[in-house]
Amino acid sequence: MKYTVNEKGYYGKFGGAYIPEMLYPNVEELRTRYLDIIYEEGFQKEFHKLLRDYVGRPTPLYLAKRLSEKYGATIYLKREDLCHTGAHKVNNTIGQILLAKRLGKQKIIAETGAGQHGVATATVCALMGMECIVYMGKIDMERQRPNVERMRILGATVVPALSGSMTLKDATNEAMRHWINNPTDTHYIIGSVVGPHPYPDMVARFQSVISEEMRKQLQEEIGNPYPDYVFACVGGGSNAAGAFYHFLDDEHVTLVASEAAGKGVDSGESAATTALGKPGVLHGSKTILMQTEDGQVVEPYSISAGLDYPGIGPIHAHLFDVGRVKFVSATDDEAMNAGLELSRMEGIIPAIESAHALAALNQFTFEKDDVVVVNLSGRGDKDLETYIRWGKY
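Numbering-wise (this note's numbering), the sequence shown opens with residue 2 and increments by one.
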């Protein structure tokens, strides 16, 4: 494939493994073994059985008729919100925990922003009987309280990150520190296509089941595996990587990534990385991130806890750099309006992250025979308090 990682762990000029010396053995063990393990017949059989019987895959490709009428195209929603745990995150956590068991690890750590990855990790740890510690920013713990309680009920220990902006970036920093101090018995399940190689490639491969299913379902629905557009939201970018993966070499398919503009791209309170960032190193890989002139990370902002990350995964940095994916952004207000629009037109309350992808529809003019797929990455149960406060219900 044209846009996947090379043998050195790079996507074009982005990627790599910029890690402390103490992490080198763990990352090197992953790098040298992950492909052999995850493509072993027994692994694939167990992985896909769990995706089918436990996660509930394949997720539906739903024709949103009223939304289609409004935008003048045929719009499908890929219903990742119907996965067990309520988001696409569980595709990756099941894959990584199976990998961790084959590597002989006894403990699992993770970071989480909106809580979807944390809940997915706590869930599969409960399923597999493994100890689980999840790092989460204190601010995110307050605005995503239902997911914090879900993790605790599932038996995980949730540790608040109290540094910096007390959000996803800081939770990732704390998880990295934990891993450095516990390198032998612990596997770090990174939830997005970020971090040192091989994490971005590994997570993208586990999430690629999304676009693999899209192709089969479109073939059945319209007699053609190719849509004209695929839309997905991007924070770190795991759902977008999965939704785009099997269309990357099909240049006639327009791929659209929607970032969180927060209160406006130029407001000083934003997480629109490609608009505001430049190349640098974040959490173990070279990518595009928001930073000051002297290289200090700029605190991101979004109403969505899952999108207020100051960078994007290196695969997305490359796709932006070479122009394969169109990067746009949606403000808090635009995303909340889009989320409420879907709720009232289709009876589906989306996660606020996914609402950013829906909001991007307004920025395009479609032909009446265009086929559009929006990856609905998560459900909005966890965001009800934010919807209620924003709408003043």
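Every residue, glycine too, gets a C-beta built ideally from N, C-alpha and C.
In this structure, residue 190 lies away from residue 81, with their beta-carbon atoms at least 8 Å apart.
In the three-state reduction of the DSSP assignment, residue 118 falls in the helix class.
When DSSP reads this structure, residue 188 sits in a beta bridge with 109. Residue 199 and residue 17 have their C-alpha atoms some 8 Å from each other. If only complete runs of 3 or more residues are kept, the segment 112-181 shows the beta strand (DSSP E) at 132-138 and 158-162, in order along the chain. The C-beta separation of residue 79 from residue 60 comes to about 7 Å, placing the pair in contact by the 8 Å criterion.
About 6 Å separates the CB atoms of residue 239 and residue 204; that is less than 8 Å, so the two are in contact. For the pair of segments examined, the segment 208-224 was found not to touch the segment 103-110: the number of CB pairs separated by less than 8 Å stays below three. In this structure the segment 347-366 does not lie against the segment 309-321, because fewer than three pairs of beta carbons, one per stretch, are closer than 8 Å. Judged by DSSP secondary structure, residue 219 falls within the alpha helix (DSSP H) whose first and last residues are 210-223. Secondary structure note for residue 25: its alpha helix (DSSP H) is the uninterrupted segment 25-39.
A straight-line Cα-Cα distance of about 43 Å links residue 229 and residue 130. Here residue 20 carries a coil assignment [DSSP, helix/strand/coil]. Residue state for residue 12 is assigned as strand, using DSSP reduced to three classes. Within the same chain, 69 and 372 come within 6 Å of residue 75 by CB-CB distance, once the 5 residues on both sides are set aside. For residue 3, there is no enclosing beta strand (DSSP E), since its DSSP letter is neither H nor E. DSSP, reduced to helix, strand and coil, places residue 183 outside both helices and strands of the structure shown, so it counts as coil.
For residue 44, the enclosing alpha helix (DSSP H) has its first and last residue at 42-51.
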